[in-house]
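Student: This is the structure, below, for whatever I ask next.
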Amino acid sequence: MDQAWREQTLALAALFQALTEIRRIARTGQTSIEEVETCINGLLNPYEGDVGDAYGGDVKLLPGLRRLRTQLSDPQDTELTRYAIVLMHLERKLMRKRAMLKHLAEGLEQARDRASYFHPAHENVIGYLADLYGETVSTLKPKVMVQGERQWLEDSRNANQVRALLLAGVRATTFWRNAGGSRLRLVFGRNRLLETTERLARELAAGSL
């Protein structure tokens, strides 16, 4: 399997894993702690050239791969596609803001310290990451308009999880871009991405049995 395609696919899987959890929270007020923790690990762990390692292993991204496979094979889910496009746009804007990047890097370092004391999905860490998102990415345009039920979105704990996951989604987008991902690759390489996604999902599912 081509390494660049593998890394791009895993990064997109991480993005859609975060977006799927955002939608689950917005619609039901529920979430998968394990999948949220995986997304937060990708935000806090050091990146040394392997996307899967940043998330605690490729298998941790299996839910995201399954979502990505559905998205690529039958792209009727315009809601998640819209979120993904907006985050990709915001990530490009963020990369041009040196002062904001510095503030974000310093904030993530403090978040790592908190995560080492508590755990990545602890509400103390999530709340801190939500504030960091509010101070950085959230100040850029366009805004990410999350659709869902007001009763769940107005809950402060849920709102913090959504913001922290949006920040994790931006991080996944950075991984994707660093691995050679681009809008042209998404348009013209969709079939290759789908093939890579299906192969990775099969291999990881077989290995997790």
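Numbered according to the working numbering, the sequence shown spans residues 3 to 211.
Every residue, glycine too, gets a C-beta built ideally from N, C-alpha and C.
Which one of G109, D60, R114 has the shortest CA to CA distance from D52?
Tutor: When each option's Cα is compared against that of D52, the closest is D60.
Student: Evaluate T199 with the Cβ neighbour count: other Cβ atoms within 10 Å of its Cβ, from every protein chain shown; 16 or more gives buried, anything less gives exposed.
Tutor: By the neighbour-count rule (16 or more Cβ atoms within 10 Å), T199 is buried.
Student: In angstroms, rounded to a whole number, what distance separates the CA positions of A207 and W7?
Tutor: Distance between the alpha carbons of A207 and W7: 19 Å.
Student: Taking all protein chains shown into account, decide if I87 is buried (16 or more other Cβ within 10 angstroms of its Cβ) or exposed.
Tutor: Answer is exposed; the Cβ neighbour count stays below 16.
Student: Considering just the uninterrupted stretch of the alpha helix (DSSP H) at T175, what are its terminal residues?
Tutor: Start and end: 158 to 180.
Student: Would you mind giving the Cβ-Cβ distance between L89 and V172, rounded to the nearest angstrom? I have them listed as a contact below 8 Å.
Tutor: Sure, about 6 Å apart at Cβ, within 8 Å.
Student: Helix, strand or coil, according to DSSP, for H105 in the structure here?
Tutor: Three-state result, H105: helix.
Student: Are the beta-carbon atoms of T176 and E93 separated by less than 8 Å?
Tutor: Yes, Cβ-Cβ distance for T176 and E93 is below 8 Å.
Student: For G44, which option in P122, Q163, D115, N162 has the closest C-alpha, if you only look at C-alpha atoms?
Tutor: Comparing Cα positions, the closest option is P122.
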